[in-house]
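What follows is a set of notes on a single structure, which appears directly below.
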Amino acid sequence: MSDTQDTHRATFRDLFGLDATVTAAAPGRVNLIGEHTDYNDGFVLPTAIPQKTTVLLARRDGTRVRAHATNLGKDGEYILGGEARTGTWVDYIAGVTQELARDGHVLSGFDVTVASDVPLGSGLSSSAALLVALVRGLRELYSLDIDDVTVATLARRAENGLVGANVGIMDQMACSLASEGEALFLDCRDLSFERVKLPAGADLVVLHSGVEHQHAGGDYNTRRAECEKACELLDVNALRDLTEADLERVNALPEPLNRRARHVITENARVLKAVEAMRAGDLERLGELFFASHASMRDDYAVSVPEVDLIVELAREHPEIFGARLTGGGFGGSVVMLARLGTGRRVGELIAEAYGTRTGREPKLLTPSA
Ligand code: GAF
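The numbers in the sequence shown follow our numbering, run straight up by one, and end at 371.
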C-alpha cells in the first residue's frame, strides 16, 4: 500500500473511529478529440489518466452520512432521504445517494472520505472521477447489482441533478470504462463503444494551464442552448444528424450559430478520422487533427482562452510534437499533446517553462509520468 493510501486510511480511522471496509477509485480522463460533441449525440475519444479519486467507506447504523474531503480539509453530513442542494462538494455524495434511491437501491448511513490527485477545474474530469468512485464504492458496500455503463449514467444524473451541472455523458463514461493505454471511442447517441489502442511511438502529454474553469457556469450552458437553437433552425433532432455535406446550409445560419454548429459537425468528422489514424498508426495525421480541433474550438466554438492558445502555439515550435489541443469543456483547463515517444516529458517541461515565464502562471505537467 502506498504512503498516500496509508495516510488516507489513517485519516478515516481518526475521524470515524473505525477502519474503512471498502476502497474504490476512478481515474480522471483526458479527451483526445471530440469536444462538445457528447451533448449533441456525437462521438468522443477519451482515455484514462494516472491521476485518480479514491473513496474509503464504512457502513453505519441509521441514516446519517458523514463525509470528509481530505484535499479540501472539509467535513459535511446529511440524512439519507433528505438530500438537498448545498452548493458544496457534499452535493456530489448526496446526488449519488439520491439517484441510487430513485433506482430503488436501499442504503443505510455510511462514513466516507475522499482523496484525489485529479486537479480541480483542469478539464480532466475531477467531478466525474469523484461521482464514479462514489457509485463504485457504494456498489461494493451494499452489494448493488449495477453494471459499469449504469455507474456512468447514474453518476451523470447526479451531476445534472443535485450538483446542478448540465454536462454530457462523456466524462462519466470515460471515468467508468476507460483505461490508460487505450481510448474509449464512444457514440454518445446510444452509448456503444469500442476500445482503440493508443498508438505506440507516441507520448501523451497533458499540461494544465493553471486557469481553472467552472462547468455549472453560464458559458457551457450558453453553448448548449446555441446548439439547440441551431437544431431548431436546421430542423434536426441533434447536430449529430448532420455531416460535412450539410455545411453549406449550416454556414447560412445566423452568427454565431453557424460557427457553433460547424464546430460540432466537423469535430464529429475529426473523431472518426482520428480513430482511423490511430488504427493506422499515423501520428502525423492524428497530430494534424489535434491542431484542427483546437482551431475549431478557438474560432468556431469560442471556448478557448489566450493562455491555452499560447500553450498550443508553443507546442508548434517543437518538432517532437505531432499535435496539441484544448481538452475538456474549455474556458481554461488543460492541453493534450501528442509527442514522439520518449520526448514527452522533456518537451512538456520546456513548454511549461516557456508558458510560465510568459504568463506568470503555474502550469502543471500531468503526464507522461515517467
Ligand atoms: C465537459 C463536460 F462535462 C462533458 O460532458 C463535455 O461536454 C466536455 O465538457 C466538452 O467536450 O467536460
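Think of the CB as a built atom: it goes at the ideal place given N, C-alpha and C, for glycine as much as any other residue.
Because the structure is a prediction, the values reported are computed rather than measured.
When DSSP labels each residue in this structure, what does Glu213 get in the three-state scheme? coil
Comparing the CB of Glu318 with every heavy atom of ligand 1, is any distance shorter than 7 angstroms? no
Going by DSSP in three states, Asn32 sits in which element: helix, strand or coil? strand
Who are the Cβ neighbours of Ala70 in its own chain at under 7 angstroms, not counting the five residues just before and after it? Trp90 and Val115
In terms of residues, what are the limits of the beta strand (DSSP E) holding Val337? Ser335 to Arg341
Where does Gly324 fall in DSSP's three states? strand
Would Leu273 pass as a contact of Phe44 if the rule is Cβ separation under 8 angstroms? yes
Identify the residues that DSSP records as bridge partners of Arg60: which are they? Phe111
From Ala175, Leu248 and Glu268, residue whose alpha carbon lies closest to that of Asn259: Leu248
My understanding is that Val309 touches Gly334, with C-beta atoms under 8 angstroms, so please give their C-beta distance in whole angstroms. 7 angstroms
Paired residues, beta bridge with Thr24 - DSSP: Leu57
Inside the region 180-258 only - beta strand (DSSP E) runs reaching at least 3 residues: 183-188, 193-198 and 203-209
DSSP-derived helix/strand/coil call for Ser373: Any property of residue 373 remains undetermined from this structure, which presents the chain solely from 2 to 371.
When you compare only the Cα positions, how much space is there between Ile50 and Ser127? 11 angstroms
Within the present structure, is the beta-carbon of Asn238 separated from the nearest heavy atom of ligand 1 by less than 7 angstroms? no
Using a strict less-than 5 angstroms threshold between each residue's beta carbon and the heavy atoms of ligand 1, what residues do you get? Glu36, His37, Asp39, Val168, Gly169, Met171, Asp172, Gly329 and Gly330
Taking Cβ to Cβ, would you say Asn161 is nearer than 8 angstroms to Val168? yes
Cys176 CB to nearest heavy atom of ligand 3 below 7 angstroms: Only ligand 1 can be found as ligands here, which leaves ligand 3 out of the picture.
Rounded C-alpha distance that separates Ala231 from Ile312: 31 angstroms
When the Cα of Pro120 is compared with those of His214, Arg286, Ile80 and Ala253, which residue comes out closest? His214
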